[in-house]
Amino acid sequence: MSLTAEEKAAFKRDGVLIRRGLATPDQIKRAVSLIDQSYRKEMAPDDIPAYSRRTFAPELGDSDELLALYTQTDAADLATDLLGDTTPVTTAQIQIRVPEGEFPGLQPEKAMHVDGVSCPHLDPRELRTFSLLVGVVLSDISDPRCGALHYLPGGHLAMARWFADEWSLGMTDQVPPEIDRERGTPFLGQPGDVLLMHHLVPHTVAQNSLPFPRVMAYFRVSHPDHASRRLEALRDPWLDYPPLAETPSA
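Structural data, given as structure tokens:
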């Protein structure tokens with residue numbers, strides 16, 4: 210399954226594409242069963258702040274059931290359509306927004322940010338960047354109050370200009386002030402829906418005010434040359450996307 214010319218143009222404009230129902234119900238069921246067992250039996254409330262920064266159920270990151278959400282769906286082919294070539298994906302990140310009513314104060318709203326840049330819990334001179342974020346919905350997120358991810362369409366272009374003109378390695382600011390004030394567009398969907406988002410698209414994550422967890426599996430996908438040119442990729446949004454070089458924005 211390939212991306213259409215219209216989808217590529219929309220991705221170049223917005224930095225985001227959504228494919229509905231890409232993962233099958235059986236794939237979702239197997240992944241959710243494992244995550245739910247870890248969430249209910251293994252997770253302690255004290256784990257939540259650290260898991261929110263990295264991953265929930267870290268013991269499942271390389272499980273076949275989780276990796277299949279990327280490797281055994283068309284998500285991998287769509288990523289290749291955008292990047293031309295990719296490094297192997299060997300781990301999944303599980304992100305859960307826990308119900309605020311059940312775990313008050315343990316999972317505050319995340320600030321607007323770009324993954325792997327000026328992370329508050331890391332040395333600001335360290336970059337943990339990649340090319341493309343692929344997210345698979347594992348629970349009902351039709352209501353933005355469930356702790357939905359909020360992204361800023363077109364923000365990848367503004368971030369690239371900021372990284373090129375104003376930002377320098379070691380700064381603790383994650384985004385410029387005008388982007389920090391944005392609330393973004395909530396990503397809503399049903400289990401099996403897939404989000405493809407340019408790494409430079411700034412985003413935040415709200416608190417979950419509903420009574421059930423919001424669950425997503427994420428895969429960080431990189432062009433094979435990304436690790437050797439992280440700084441350049443922050444300043445040139447299409448460096449890792451050679452198939453889109455001649456694609457006009459929608």
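In our numbering, the protein residues as written are 210 to 459.
Backbone N, C-alpha and C define an ideal beta-carbon position, used for all residues, glycine too.
Residue nearest to F312 within the set P254, S348, I305 is P254 (criterion: CA-CA distance). Residue range 358-360 is occupied by the beta strand (DSSP E) that includes H359. Annotated as proximal: A357 and P395, with beta-carbon spacing under 8 Å. Taking C-alpha positions only, E387 is separated from D235 by approximately 43 Å. Counting the other CB atoms within 10 Å of its CB gives Q383 a total of 16 or more, which places it among the buried residues. In the three-state DSSP reduction, Q246 falls in the helix class (H, G or I). Counting only runs that start and end inside the segment 232-314, the beta strand (DSSP E) elements of at least 3 residues fall at 302-306.
Under DSSP, M368 forms no beta bridge with any residue. If you compare the alpha carbons of A367, F421, A301, D294 with that of V323, the shortest gap goes to A367. Note that the segment 251-268 does not touch the segment 283-298; fewer than 3 beta-carbon pairs, one per stretch, sit closer than 8 Å.
With respect to the 8 Å criterion, H407 and L336 are not classified as neighbours on the basis of their beta carbons. In summary, M380 is exposed, with fewer than 16 beta-carbon neighbours lying within 10 Å of its beta-carbon over all protein chains present. The segment 370-379 makes contact with the segment 438-448: 3 or more CB pairs, one atom from each, lie closer than 8 Å. P317 and D271 have their alpha carbons spaced roughly 27 Å apart. In chain order, W447 place their CB closer than 7 Å to the CB of A454, counting only its own chain and leaving out the 5 sequence neighbours on each side.
Within the segment 423-451, complete alpha helix (DSSP H) segments of at least 4 residues are found at 439-444, given in chain order.
Under the three-state reduction of DSSP output, P395 falls in the strand class. DSSP places R228 in the uninterrupted beta strand (DSSP E) bounded by 225-228.
F421 has its alpha-carbon roughly 8 Å from the corresponding atom of C355.
Partner residues in the beta bridge of T413, as assigned by DSSP, are H359. The beta carbon of A219 sits closer than 7 Å to those of L226, A459, all from its chain and outside the five residues before and after it, given in chain order.
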